[in-house]
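A.B. asks: Residue numbers 23 to 97, in the numbering used here, belong to the letters of the sequence shown in order.
Below: one structure in structure tokens.
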Amino acid sequence: MKPKGSPKSPRAVSKVLIVDDHTATRLGLRAIISSQPDLEVCGEAAGAGDAITLVAEKRPELCIVDLRLGQGSGL
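What follows is the structure, encoded as structure tokens:
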């Protein structure tokens with residue numbers, strides 16, 4: 023049992039990559055995700071090619087992907 027007044031243990035922060043070809047959707051998702059203390063947006067992409075590059079670079083734990091992208095498929 024922790025003594026009273028001891029600091030809370032730090033939470034792990036999960037990195038999130040947003041992939042959507044609509045700028046307004048990416049901005050809205052970024053705002054929602056950024057308001058969560060245990061989530062951090064590590065990158066955004068508008069197309070499949072950029073998303074694949076960012077996954078390799080940023081190594082996110084979570085990806086939010088639009089399945090119907092203007093440049094390629096989200097699948």
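Backbone N, C-alpha and C fix where the C-beta goes; we use that ideal spot for every residue, glycine too.
So, for S28: in the same chain, excluding its five sequence neighbours on each side, which residues have a beta-carbon less than 8 Å away from its beta-carbon?
C.D. replies: Here the model assigns S28 a pLDDT of 48, short of 50, so the residue's position is not dependable, and the following value carries that caveat. There are no such residues.
A.B. asks: So what's S95 in DSSP terms, helix, strand or just coil?
C.D. replies: Here S95 sits in strand by DSSP.
A.B. asks: Within the same chain, show all residues whose beta-carbon is closer than 8 Å to that of K24, passing over the 5 residues directly before and after it, in chain order.
C.D. replies: Any reading at K24 must be qualified, since the residue scores a pLDDT of 48, below 50, and its modelled position is unreliable; no value is offered.
A.B. asks: For I86, list the residues DSSP reports as bridge partners.
C.D. replies: For I86, which the question treats as bridged, DSSP gives the partners I40.
A.B. asks: For D42, count the other beta carbons within 10 Å of its own beta carbon; 16 or more makes it buried, fewer makes it exposed. Which is it?
C.D. replies: Per the 10 Å Cβ criterion, buried.
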